[in-house]
Amino acid sequence: MGGRVCGWWVAWSLCCAVFAGKVTVQPPADEEAKILNLRDARVVVADYEALRRDFHRCLWKAGPKDIDRWLIRETAFFRETQVRRGPKERLHEAVRVGEEERKASVPPMYGRAVVLTIPAGRPCGGMKFDVKGG
2 MGGRVCGWWV AWSLCCAVFA GKVTVQPPAD EEAKILNLRD ARVVVADYEA
52 LRRDFHRCLW KAGPKDIDRW LIRETAFFRE TQVRRGPKER LHEAVRVGEE
102 ERKASVPPMY GRAVVLTIPA GRPCGGMKFD VKGG
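Sequence positions in the sequence shown follow this note's numbering and run 2 to 135.
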């Protein structure tokens with residue numbers, strides 16, 4: 002949804018101010034969420050060639066099993082609120098979580114998805130993942 006203001010399309014969800022015919026758009030800030038690693042995660046399907054290409058810095062020599070382990074270690078996380086709310090609201094069954102906690106950002110209108118950053122010092126440290134279901 003959006004509207005045309007002074008020759009510009011502006012989404013209604015964005016905060017905007019109009020000055021002398023110009024539109025200045027200030028998107029809402031990302032929220033921060035605590036995420037927990039999943040104990041029983043597994044990779045169902047993966048495009049290994051695309052992953053090697055996109056994460057060349059750390060996966061260029063990795064085989065499928067190594068990539069699966071890396072994906073699980075770095076992306077198998079659930080938002081803490083989802084872990085607690087899910088079974089109560091019948092969104093999903095109870096999930097088993099491990100000890101690792103991280104912070105992730107939640108851009109506006111992301112719903113249950115999060116953007117998490119691989120910790121520095123790990124393979125591909127500093128890179129970001131857009132993870133659905135967080």
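No residue lacks a Cβ here, since even glycine has one placed at the ideal position from N, Cα and C.
Pairwise C-alpha distance: residue j and residue i
i      : j      : result
Asp69  : Leu60  : 11 Å
Ala73  : Arg43  : Residue 73 is actually Ile in this sequence, not Ala. Each residue's alpha carbon lies about 7 Å from the other.
Ala121 : Ala95  : 31 Å
Val116 : Thr82  : 15 Å
His57  : Cys125 : 9 Å
Gly22  : Met128 : Its pLDDT being 49, under 50, Gly22 is placed unreliably by the model, and the measurement read from it follows with that caveat. Spanning the two alpha carbons is a distance of roughly 39 Å.
Lys62  : Glu33  : 34 Å
Glu75  : Ala47  : 14 Å
Asp31  : Val98  : 25 Å
Leu37  : Val84  : 8 Å
Arg54  : Asp67  : 15 Å
Glu50  : Glu101 : 29 Å
Leu52  : Lys133 : 17 Å
Under the three-state DSSP convention, the category residue i falls into
i     : result
Arg1  : Not covered by the structure: residue 1. The range shown for the chain is 2 to 135.
Val84 : helix
Lys62 : coil
Ala30 : coil
Limits of the beta strand (DSSP E) - the one that residue i falls within
i      : result
Lys129 : 129 to 132
Arg80  : 78 to 80
For residue i, the nearest candidate out of the options (CA to CA)
i      : options                        : result
Arg113 : Glu102, Glu101, Arg80          : Arg80
Arg40  : Arg85, Ala77, Thr118           : Ala77
Phe130 : Glu32, Arg85, Ala105           : Ala105
Val45  : Ile119, Met110, Pro65          : Pro65
Pro29  : Arg123, Lys133, Val107         : Val107
Thr118 : Met110, Pro109, Arg103, Tyr111 : Arg103
Arg123 : Trp71, Lys35, Leu52            : Trp71
Terminal residues of the alpha helix (DSSP H) in which residue i lies
i      : result
Ala121 : Per DSSP, Ala121 belongs to no alpha helix (DSSP H) and is neither H nor E.
Arg54  : 49 to 55
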